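Below is one structure; the comments refer to it alone.
Protein chains: 2
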Amino acid sequence: MNGKNNPEWHRNFRQRGMRITEPRKAILEVLNNTTEHLSAEEIYMSVHRTYPNVGLTTVYRNLELLEEMGIIAKFHFGDGRSRYELIHSPQKPGHHHHLICTGCKQIIDYDDFVEEEIELLTKVEQALSAAHNFQITGHTIQFYGICHACRGNL
Amino acid sequence: MNGKNNPEWHRNFRQRGMRITEPRKAILEVLNNTTEHLSAEEIYMSVHRTYPNVGLTTVYRNLELLEEMGIIAKFHFGDGRSRYELIHSPQKPGHHHHLICTGCKQIIDYDDFVEEEIELLTKVEQALSAAHNFQITGHTIQFYGICHACRGNL
DNA sequence: TCCTTAATGAAAATGATTTTCATTAACAAT
DNA sequence: ATTGTTAATGAAAATCATTTTCATTAAGGA
């Protein structure tokens, strides 16, 4: 968690009159230490190991909150549940562009042409902003396909 | 439905031993005649007007089927339900790149820089194919933001 | 230490989607 | 055209992720 015992998100929370609680610390701890794209249930199970009394409801509530605050992003990969990622993750900084196998559901954070993608996306973002009078807050790029292993199982 | 009374999808279906049924005709009819991004329930309601005895279950089953066949695409726009689009729609041919207002949930099929996007996407697709040994079947590009009207309501 | 109220946990409710199963109807063979 | 096989259907029940309710707890300012 950044090595500091009073991280910057504390300030962020307190400003909004929100309290620093064990469940919140635990949830952010889990998200900070994973490279995966965890679902609410998975985050809950992970948190549960250290804080067995934290409930699934609380996990859902805080994930929603963290998303509204712009701290995490919520993704849909087609497996019927939402998955969450820290927007500025120490584990995988930068973009969140995904390659998903529709067979085994594995999710790959790819790096190919990301520079160019970002460049174009920025341009598109500006165009959309202007043309449709939107204030853009985020984007999603996903490629779907079948991985080598799954192709073997056909 | 294409002006022909024996459309090409009939052949497509029969080849797989699948039958041409009223519900299937009705569902494709609805998808063919909309520019919207309909949910299963919305498709069901639309079908229901003409064929009141077609059930919601059947709509779900056939949407899944049509997706597997590569005839329609399933999207998630963050409102908790899946939405479907004909991949080759007579109403909006070409791409399916979306701009979504997180306030009012409106979905815009935008046209800005789509040429360039497709060009880059094709390049990325090839790179991913090679680098990760994937057979790419589709992609998703979405921008999220707040539209002008919704910004007023804050 | 006390007080206010944000936050929590457990259980119930909700809502989209899937499964079950008995019935119907496509369509190939007759 | 009639029949037989079985894919497809519809209704109801089941499932599963997520949300709501509500009584209780605890963060943090006074």
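Chains A and B, in that order, are what the protein sequence lines are. The first sequence lines up with residues 1 to 154 when you count with this note's numbering. The second sequence lines up with residues 155 to 308 when you count with this note's numbering. C-beta atoms are modelled at their ideal positions from N, C-alpha and C, and glycine is treated no differently. Please read these numbers as outputs of a predicted model, since none were measured by experiment.
Taking 3 residues as the minimum length, the beta strand (DSSP E) runs contained wholly in the region 238-267 of chain B are 251-255 and 261-263, in order along the chain.
Inter-residue distance for A/I146 and B/I290 is about 6 Å (C-alpha atoms, whole angstroms). DSSP lists no bridge partner for A/F13. By the rule that beta-carbons nearer than 8 Å mark a contact, A/V59 does not touch chain B.
With its beta carbon less than 8 Å from one in chain B, A/L128 belongs to the interface.
Taken in chain order, the members of the region 127-154 of chain A whose beta-carbon sits within less than 7 Å of a beta-carbon on chain B are A127, L128, A131, H132, N133, F134, Q135, I136, T137, G138, H139, T140, I141, Q142, F143, Y144, G145, I146, C147, H148 and R151. Using a CB distance below 7 Å, the part of the region 269-280 of chain B facing chain A consists of E270, E271, L274, K277, V278 and E279, ordered along the chain. Counting along the chain, A/G80 sits inside no beta strand (DSSP E), nor does DSSP assign it H or E at all. Sequence-distant Cβ neighbours of A/F77 in its own chain, meaning closer than 8 Å and more than five residues away, are H37, R83, H98, I100, K105, I107 and Q142.
Residue contact with chain B for A/D79: absent (no Cβ-Cβ distance below 8 Å to any residue of chain B). Within a 10 Å sphere around the beta-carbon of A/I72 sit 16 or more other beta-carbons, which makes this residue buried.
Neighbourhood of B/H230 in chain A, by CB distance below 8 Å: H76 and G78, in chain order.
Within 8 Å of the CB of A/T102, the CB atoms of chain B belong to T291, in sequence order along the chain.
A distance below 8 Å separates the beta carbons of A/H95 and A/V114. Per DSSP, the unbroken beta strand (DSSP E) holding B/G299 starts and ends at F288 to I300.
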